[in-house]
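J.: I have a structure here, written as structure tokens, and I will follow up with some questions on it.
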Amino acid sequence: MAVDSTRMLTVGEVARRSGVAVSALHFYETKGLIASTRTAGNQRRYPALVLRTLAIIKVAQRTGIPLEEIRQAFSRYPPNSKLTAAQWGEMSTAWREDLNARIRTLEALRDSLDNCIGCGCLSLEECPLRNPEDVLAKQGTGGRILESKAR
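Heads up: the sequence shown runs through residues 1 to 151, numbered per the UniProt record's numbering.
Shown next as structure tokens:
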């Protein structure tokens, strides 16, 4: 069923239908992710298309995409516009490599944790994650060994 792009929803309707709290809707609006209009009584109204935008925001957040990246992706299009399949495809393509890199990092972490934490060897001589004399500090912060395995 097609979404009626002319239908306007109250903030409560949007919250109920999208599963996003009213406070989050206000936050998303201040961040430029969604836009509303105001009635003569200064009440927010959102086009029904905002539900699709909110679904994408929720999915993107669930995969770990930061709100700023989501905002940047949506900023390429006019607020409350009906995006085409090609435009949605452009958005997903832009996020794909970042998601693939995260997947590789998570897989490396999972595989290293299975071998390290679960092994119980307590051997600093044989541990694949050891870092004698903190030599890896020169390369930067974070788990340098795990991060290098993910690449």
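Beta carbons: idealized from backbone N, C-alpha and C, even for Gly.
So for Y28, helix, strand or coil by DSSP?
T.: Helix, per DSSP.
J.: Would R54 pass as a contact of V11 if the rule is Cβ separation under 7 angstroms?
T.: Note that residue 54 is Leu in the sequence shown here, rather than Arg. In this structure, V11 does not lie closer than 7 angstroms to L54 by Cβ.
J.: First and last residue of the beta strand (DSSP E) that includes L9?
T.: M8 to T10 is the extent of the beta strand (DSSP E) around L9.
J.: Should T63 and L106 be called a contact, given that it needs their Cβ atoms to be closer than 7 angstroms?
T.: Cβ atoms of T63 and L106: not closer than 7 angstroms.
J.: Given residue 166, which residues of its chain have a CB within under 8 angstroms of its CB, disregarding the five upstream and five downstream residues?
T.: Residue 166 falls outside the range modelled here, since the chain spans only 1 to 151, and no answer is possible.
J.: According to DSSP, which residues form a beta bridge with T37?
T.: Answer is R45.
J.: Suppose contacts are defined by Cβ-Cβ distances below 7 angstroms. Is L51 in contact with S18 by that definition?
T.: Against a cut-off of 7 angstroms, the Cβ pair of S18 and L51 comes out as a contact.
J.: Going by C-alpha to C-alpha distance, which of E69, A60, T6 and T84 sits closest to S36?
T.: Out of E69, A60, T6 and T84, T6 has the C-alpha closest to the C-alpha of S36.
J.: Are the CB atoms of R71 and G32 within a distance shorter than 7 angstroms?
T.: Against a cut-off of 7 angstroms, the Cβ pair of R71 and G32 comes out as a contact.
J.: Among S81, A86 and I34, which residue has its Cα nearest to the Cα of K58?
T.: Among S81, A86 and I34, the Cα nearest to that of K58 belongs to I34.
J.: Rounded to the nearest angstrom, what separates M1 and D111 at their Cα positions?
T.: Because the pLDDT at M1 is just 49, under 50, the model does not fix this residue reliably, and the value given afterwards should be weighed accordingly. Going by the C-alpha atoms only, they are around 44 angstroms apart.
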